[in-house]
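> Numbering (mature numbering (1 follows the signal peptide of the UniProt record, and there is no 0)), first residue to last: -33 to -1, 1 to 265.
Note that the Cβ used here is the ideal one computed from N, Cα and C, for glycine as well.
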């Protein structure tokens, strides 16, 4: 079960990972082994190879083509971490997602204020939490803009970017769980939440249309009473809602009442839904999941 937790002020404050992969649809390099060839240990107390996560990332060879495990000892690591595009095939492994935490407390520019930025293909993370601790409340009468304070910024295939953010929205504003950026009907990007939970205090839209063909599907998701009744926001795509694919299928819970949802929400046919929820059809067309390294979990 995956859980998407909202803060009482509508935006996700942290990303707690049991399992996380970033990979392109077609691997650009031949992976010589799915078993990491080496392990780098990060321990803030000084009993590892490095005391910071960024130092460990920096030690990975440029244009690396073999999986390397970075094992991070329990502790809170206060730093901003960036995985550049030429540092591929990195597996980051914490000891426990409640005990291994990477955090920073900056806000403002989306790129500059992010705690953990991933620009490389073929990245995996296990048992770790990324947090942005920025927590300044803003009154809607202050006349100040709401600041971005992302915990994670991911550059994926075909200019896909996922921001998981926290922030204090002025009272009366509705947040959004997703902002998917599909630009063209020819792209195969999208967000699918399969057998998940959405909990918190709300209210929040399930998604806003960040690009022309924004695509988000919630399937068999338990929704607490935190979802805005209309469910979705066309945002800058008002008048072009027919291009958007926002859908809820077989969801349940107090927040799943669709009686007041926007009229343009898609109702997928069985074949259309299968395309999204079948792993082989949507995200594993070339078998890349089988090429991922297994974590060293005791």
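#1: Could you tell me the alpha carbon to alpha carbon distance between residue 68 and residue 98, rounded to whole angstroms?
#2: For the beta strand (DSSP E) containing residue 193, list its first residue and its last residue.
#3: Count the other CB atoms within 10 Å of the CB of residue 219; is the residue buried (16 or more) or exposed (fewer)?
#4: Am I right that residue 71 and residue 46 are in contact with their C-beta atoms under 8 angstroms? What's the rounded C-beta distance?
#5: What are the start and end residues of each continuous beta strand (DSSP E) run of 3 or more residues lying completely inside the stretch 201 to 248, in chain order?
#6: Closest to residue 211 by CA distance: which of 260, 183, 83, 52 is it?
#7: Please work out which residues of its chain come closer than 6 angstroms, Cβ to Cβ, to residue 66, disregarding the five sequence neighbours upstream and downstream, and give them in chain order.
#8: When the Cα atoms are used, what is the spatial distance from residue 21 to residue 242?
#9: On a Cα-Cα basis, can you pick out the residue from 57, 233, 229, 204 that is closest to residue 85?
#10: What number of angstroms, rounded off, separates the C-alpha of residue 215 from the C-alpha of residue 249?
#11: Looking only at its chain, what residues have a beta carbon closer than 8 angstroms to the beta carbon of residue 172, apart from the 5 residues adjacent to it on each side?
#12: Note the first and the last residue of the continuous alpha helix (DSSP H) segment covering residue 23.
The answer reads as follows:
#1: 7 angstroms
#2: First-last for residue 193: undefined, no H or E at that position.
#3: Residue 219 should be labelled exposed.
#4: The Cβ separation is near 7 angstroms, so the contact holds.
#5: 212 to 216
#6: Shortest Cα-Cα distance from residue 211 to any of 260, 183, 83, 52 involves 183.
#7: 41
#8: 38 angstroms
#9: 57
#10: 17 angstroms
#11: 141, 142, 143, 144, 194, 195, 197, 198, 199, 200
#12: 20 to 26
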